[in-house]
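Here's the structure we're looking at; comments come further down.
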Amino acid sequence: MTPSQSSTALRDTLLMGFCALFLLGTKMVLRLNLGIPGHAMFFTVFFLILPRAATGKKLAATGTGLAAGLASMLLGMGKGGPLLLLKFLFPALTVDLAFLLFPGLGASMAFCAVTGLLAAATRIIGVAATDYLVGMDTAVLFAHAFIKTLSGALFGAAGGLAAAPVIRKLRARGLIPASR
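The sequence shown maps to residues 162 to 341 in my numbering.
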């Protein structure tokens, strides 16, 4: 590994770490009680799309989501326990999969919005698993999971829309290569 490659790897790792930190920071500081389920997906999707588009690494969003999920679980930021990790991991895997299937579209508003919507929609897995483990009736479980997922998906799409202009500005200033 040459010195320029190691500094690039360090820079990418630091960016992923800072995005995970900012993701947790926004969740801690902006504990908004809007009464709308899923509003936290705005920041989750934003800080998962940003490192994937900025670094170009294949599993950058997954690494960021894993770091944020583990830190969130260790800090006790939710009532899901180990299932809290799924809230970060499934959206991160979705973002990475979208960028692998459609390379070069990272600055597209439509791509980021659809990616954010799909990433936030994976929340249904964690919500349904948690509801099942507490013994919720199946009909109520599906209705509850659908409502939480629908509003979260809309906020996820908004988070994706917010990430696209940031990526464009970083590319225009030469901070991200155009090929990523």
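Using N, Cα and C, we set each Cβ at its ideal position, and we do this for glycine too. Nothing here was measured: the structure is a model prediction, and the numbers come from that model.
Among the options, nearest to residue i - alpha-carbon criterion
{"i": "Leu184", "options": "Ala229, Gly241, Ala221, Arg332", "result": "Ala229"}
{"i": "Tyr293", "options": "Ile337, His305, Thr283", "result": "His305"}
{"i": "Phe338", "options": "Thr223, Ala214, Ile197", "result": "In the sequence as displayed, the identity of residue 338 is Pro instead of Phe. The shortest C-alpha separation from Pro338 is found at Ala214."}
{"i": "Thr283", "options": "Pro264, Ala271, Leu246", "result": "Leu246"}
{"i": "Gly217", "options": "Thr255, Gly267, Pro252", "result": "Gly267"}
{"i": "Pro198", "options": "Asp173, Phe307, Val275", "result": "Phe307"}
{"i": "Ala274", "options": "Leu171, Gly224, Leu209", "result": "Leu209"}
Buried versus exposed, by CB contacts within 10 Å (16 or more), residue i
{"i": "Asp298", "result": "exposed"}
{"i": "Met202", "result": "buried"}
{"i": "Gly226", "result": "buried"}
{"i": "Gly335", "result": "exposed"}
{"i": "Lys330", "result": "exposed"}
Close beta carbons around residue i, own chain, < 7 Å, minus the five adjacent residues each side
{"i": "Val327", "result": "Leu211"}
Rounded straight-line distance, which links the Cα of residue j to that of residue i
{"i": "Gly265", "j": "Val295", "result": "42 Å"}
{"i": "Leu262", "j": "Gly241", "result": "31 Å"}
{"i": "Ala222", "j": "Pro243", "result": "19 Å"}
{"i": "Thr310", "j": "Ala281", "result": "7 Å"}
Same chain, Cβ closer than 8 Å to residue i, neighbours up to 5 away in sequence not counted
{"i": "Leu278", "result": "Ala314, Leu315, Gly317, Ala318, Gly321"}
{"i": "Ser312", "result": "Ile197, Pro198, Gly199, His200"}
Neighbourhood of residue i by C-beta distance below 6 Å, restricted to the same chain and skipping five residues each side
{"i": "Leu175", "result": "none"}
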